[in-house]
Every structure is written in C-alpha cells, then in structure tokens.
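S.K.:
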Amino acid sequence: MQVEHHPLAAEFPEFKEKIHALKMTNAHFAKLFDEYHDADKAVLRAENGVEHLADAALENLKKIRISLKDQLFQILQTASA
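73 is the number of the first residue of the sequence shown in our numbering; add one for each residue after it.
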C-alpha cells in the first residue's frame, strides 16, 4: 500500500501564500520548513518500504516531523495575526 506524504501546503492550505512568503523572507522558517520536508520524505520512504527503519527510529522520526509541523504552524499563525 502506498503511503502519502504530508507537504506543508497540503497540511495548511489556508496558509499556502504565507508559507511561500515566509520561506523567502524568514531564514528560521525556511530552515524549519526544509527540516520538515526532509523528515516527511524520510517517513514516506520508510513507510513505503524504500528504506528500512526500526520501529523506534520511525516513531522518533514521526515525532520530529510533528514537532517541526507544530513550530511551523505557530510561526504561520503569528505571521498571519
């Protein structure tokens, strides 16, 4: 079964333009965005069997992705206020 990835623009479609703007103007947001993208890609590859990760490593990677997503969401909310 193919598992879908979670791009930030799909997770928060209401912030699509703000995501793009912040990636261009906010270095901290851009760094977190890249880290989120890399973590999401790694989770996707593991869940689709492209790369093997131990269960604990996959769970840790998912926790990192969630933490990054939370941080990015907070920045998006603050920038939109």
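Glycine included, each C-beta is placed from N, C-alpha and C at the ideal position.
For His77, I'd like the list of residues in its chain whose CB is within less than 8 Å of its CB, leaving aside the five on either flank, ordered along the chain.
M.R.: The sequence position of residue 77 within the sequence shown is 5, counting from 1. Taken in chain order, the residues that qualify are Asp112, Lys113, Val115, Leu116.
S.K.: For Ser152, which residues of its own chain have a beta-carbon under 8 Å away from its beta-carbon, when the five flanking residues on both sides are left out?
M.R.: As a first step, residue 152 must be located in the sequence shown, where it is residue number 80. So the list reads Phe87, Lys90, once near-sequence residues are dropped.
S.K.: If you run the structure through DSSP and keep just helix, strand and coil, what is His77?
M.R.: On the sequence shown, residue 77 is found 5 positions in, with the first residue counted as 1. Three-state result, His77: coil.
S.K.: Taking a contact to mean a Cβ-Cβ separation below 8 Å, would you say Gln146 touches Leu104 in this structure?
M.R.: As a first step, residue 146 is located in the sequence shown; it is residue number 74 there, counting from the start. As a first step, residue 104 is located in the sequence shown; it is residue number 32 there, counting from the start. Contact: no.
S.K.: Is Phe84 helix, strand or coil when you go by DSSP?
M.R.: Working through the sequence shown from its first residue, we reach residue 84 at position 12. Residue state, collapsed to three classes: coil.
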